[in-house]
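Just below is one structure, and these are the notes that go with it.
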Amino acid sequence: MERLSDEVLKRLPGDVTVPGDRPDRSGILHLGAGAFHRAHQAVYTDDTDWGVTVAAPRSRDVIDALAAQDGLYSVATLGRSSGNDSGADLRVIGSIVDTLHIATERDRAVSLVADPATHVVTLTVTEKAYRDPHGVPGLLADGIARRAADDGPPLTILCCDNLPDNGKTTRAAVEPLLGDAARAWAETHVTFPSSMVDRIVPASTRATYERALSVLGVTDLAAVEAEPFSQWVIEDDFAGPRPGWDATYTADVAGWERLKLRTLNGVHSTLAYLGALAGTETVAEALALPGAEDFARWLVAEQIAPSFTPPDGQDTVAYGDSVLERFANPGIRHRCIQIAMDGSQKLPQRLFATIGDLAAAGIDLDLIALPLAAWTRFCAGKADDGADLPLDDPLRDVLRQSLAAAGPNPAARIDAILGIRQVVPEPLADNHQLRRAAAKWLRELDRHGVATTLEHL
Ligand code: CS2
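In the UniProt record's numbering, the protein residues as written are 1 to 457.
In structure tokens, the structure reads:
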């Protein structure tokens with residue numbers, strides 16, 4: 001079957017948006033070849049005259065598919081506003097000009113970080129990657145050291161992962177790995193702006209590739225699908241040239257990060273654990289469980305909103321309403337199990353930060369203890385109907401062992417989870433109100449399951 005390529009661009013159906021002149025070189029190195037990058041930063045870059053080299057840390061699948069297609073791939077925008085017969089607006093993206101495989105071409109990756117033609121390194125490598133000095137942080141440190149030795153031009157390293165203060169987090173992961181000379185050079189030549197990224201992009205499935213084939217008439221094995229909404233707020237702290245991305249540039253991203261991580265991602269994870277336990281496949285289906293949407297709205301209004309001050313002009317409750325509308329998008333099949341993975345890496349910023357601020361302000365912790373109970377039950381690996389649930393998490397063994405040692409008692413299981421210092425901040429471990437409320441919800445979930453618990457809230 002013929003593949004998408006530069007050659008076939010001019011033969012694609014008229015309702016498919018195609019790239020104009022393609023950039024011949026890239027000023028951007030992107031680490032992480034996942035669907036999110038392809039539906040977010042690479043699309044913003046496609047609207048500029050910059051190009052991207054995409055580096056995949058481990059799996060070759062995506063970069064091999066891109067390499068076989070001249071770097072081209074399609075993004076299907078799915079949702080209520082979708083245009084053509086397939087229910088999707090398709091756009092072919094041309095900003096990816098080169099690919100590389102870090103696991104087998106690490107030195108080339110280091111050279112590209114050091115290359116004077118590289119001005120910006122962007123990252124979507126997931127939360128856990130920042131804890132592994134031998135992985136991405138080590139690669140960046142080696143690249144910076146080489147750039148420093150050459151006294152190269154300044155470099156911007158832009159984190160696009162869902163972490164609070166993600167620029168600072170990246171700097172903190174990289175800096176200790178630099179020698180004195182490179183560290184001194186980096187202080188004046190490398191910046192780490194923070195950014196808030198947002199677009200719902202489920203992992204591609206066979207249906208994604210089938211849709212792409214039926215609309216394009218050629219095979220696209222790097223196709224992705226996404227919701228219509230897209231947002232990017234970037235701290236305006238570029239060391240050198242800034243790509244012409246149509247993003248929001250601001251001096252302070254922290255408020256935006258908090259709004260998104262606590263509201264969108266916090267409710268996303270909540271629905272993912274509740275839905276996985278209840279046996280619903282997608283977030284939209286979890287939200288449609290009787291009582292689920294009311295619960296989500298109460299959670300936002302009574303617990304998430306009072307936990308922080310939103311950025312100027314934003315209202316957390318209204319933002320939460322728009323988020324729930326996006327979650328209900330019937331065109332997006334975002335699997336609960338996908339969002340449920342790596343809970344130990346996600347919940348500190350999505351849930352425990354909120355709980356910590358509420359506790360400090362003396363606000364009641366009843367509703368926010370339900371997602372904690374749901375995660376605790378999820379970690380044990382059984383859905384409400386007894387089906388097995390996967391626990392895909394770097395702290396899997398710690399979680400499972402702590403729960404096994406706690407035995408069946410709900411209060412003991414909550415204490416076991418709250419005692420895991422890598423996940424739960426110290427003061428919450430013996431917060432009586434939280435322990436009591438979470439144990440109560442866990443007992444309800446054990447006895448009646450998620451569906452009945454939500455229905456009777
Ligand atoms: C999701 C995010 O997988 C997850 O954990 O919560 O990927 C979410 O879809 C994005 O952050 C939306 O911008």
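Note that CB positions come from ideal geometry on N, CA and C, so glycine has one too. Keep in mind the model is a prediction, meaning the values are calculated, not measured.
Cβ-based burial, residue i [other Cβ within 10 Å; buried from 16]
i: Asp150; result: exposed
i: Glu257; result: buried
i: Asn84; result: Any reading at Asn84 must be qualified, since the residue scores a pLDDT of 46, below 50, and its modelled position is unreliable; no value is offered.
i: Ser322; result: exposed
i: Pro202; result: buried
i: Ser59; result: exposed
i: Glu325; result: exposed
i: Leu372; result: buried
i: Gly313; result: exposed
i: Ser26; result: buried
i: Leu457; result: exposed
i: Thr170; result: buried
i: Ser95; result: buried
i: Met196; result: buried
i: His334; result: buried
i: His134; result: exposed
i: Asn409; result: exposed
i: Lys260; result: buried
i: Asp6; result: exposed
i: Asp198; result: buried
i: Lys382; result: exposed
i: Lys346; result: buried
i: Gly407; result: exposed
i: Ala251; result: exposed
i: Ala117; result: exposed
i: Gly179; result: exposed
i: Thr156; result: buried
i: Ser204; result: buried
i: residue 496; result: Look at the range of the chain in this structure, 1 to 457, and you will see that residue 496 is not part of it.
i: Glu2; result: exposed
Residue i Cβ short of 7 Å to ligand 3 heavy atom set
i: His37; result: Ligands in the displayed structure: ligand 1; ligand 3 is not one of them.
Any non-hydrogen atom of ligand 1 closer than 7 Å to residue i Cβ
i: Glu189; result: According to the sequence displayed, residue 189 carries His and not Glu. Checking every heavy atom of ligand 1 against the Cβ of His189, none is found closer than 7 Å.
i: Lys128; result: no
i: Val197; result: yes
i: Ile304; result: no
i: Leu264; result: yes
i: Gln338; result: yes
i: Lys168; result: no
i: Ile200; result: yes
i: Asn329; result: no
i: His268; result: yes
i: Lys346; result: yes
i: Asn409; result: no
i: Pro162; result: Checking the displayed sequence, the identity of residue 162 turns out to be Asn instead of Pro. Checking the Cβ of Asn162 against ligand 1 gives yes.
Handout entry: Whole beta strand (DSSP E) elements within the segment 330-400, 3-residue minimum
Key = none
Exercise for the section: Please confirm if the segment 328-344 is in contact with the segment 377-391, defined as three or more CB-CB distances below 8 Å between the two stretches. Expected result: Three or more beta-carbon pairs drawn from the segment 328-344 and the segment 377-391 are found closer than 8 Å, and the two stretches are therefore classed as touching.
Handout entry: Stretch pair the segment 9-17 + the segment 48-56: three plus CB contacts closer than 8 Å
Key = Three or more Cβ pairs closer than 8 Å define a contact, and the segment 9-17 falls short of that threshold against the segment 48-56.
Handout entry: Inter-stretch contact (C-beta, 8 Å, three-pair minimum) for the segment 233-244 and the segment 292-308
Key = Of all C-beta pairs linking the segment 233-244 to the segment 292-308, fewer than three are shorter than 8 Å, placing the two stretches out of contact.
Practice task
Mind listing, in chain order, the continuous alpha helix (DSSP H) runs of no fewer than 4 residues lying wholly within the segment 98-180?
Solution key: Entirely contained in the segment 98-180, the alpha helix (DSSP H) runs reaching 4 residues are, in chain order, 106-114, 136-149, 166-174.
Handout entry: Inter-stretch contact (C-beta, 8 Å, three-pair minimum) for the segment 213-221 and the segment 186-194
Key = Too few Cβ pairs lie closer than 8 Å, so no.
Problem - Entirely enclosed alpha helix (DSSP H) segments - the segment 237-285, minimum 4 residues - result: DSSP runs (the alpha helix (DSSP H)) wholly in the segment 237-285: 254-258, 266-278.
Exercise for the section: Scan the segment 16-73 and note each continuous alpha helix (DSSP H) run of 4 residues or more that stays entirely inside, going in chain order. Expected result: 35-39, 41-46, 61-67
Problem - Touching by the beta-carbon criterion (3+ pairs, under 8 Å), the segment 251-267 and the segment 433-440 - result: No, the segment 251-267 does not touch the segment 433-440.
Practice task
Examine the Cβ distances between the segment 278-298 and the segment 223-237 and report whether three or more of them are shorter than 8 Å.
Solution key: no
Handout entry: Cβ contact check for the segment 355-374 and the segment 281-292: 3 or more pairs under 8 Å
Key = no
Exercise for the section: Could you say if the segment 124-131 and the segment 26-38 meet the contact criterion of at least three C-beta pairs nearer than 8 Å? Expected result: yes
Practice task
Taking 8 Å as the threshold, find out whether the segment 271-287 comes into contact with the segment 442-452 through three or more Cβ pairs.
Solution key: yes
Problem - Validate contact between the segment 104-122 and the segment 67-74 using beta carbons, cut 8 Å, 3 pairs - result: no
Handout entry: Any 3 or more C-beta pairs closer than 8 Å across the segment 200-214 and the segment 159-179
Key = Contact fails: fewer than three Cβ-Cβ distances are below 8 Å.
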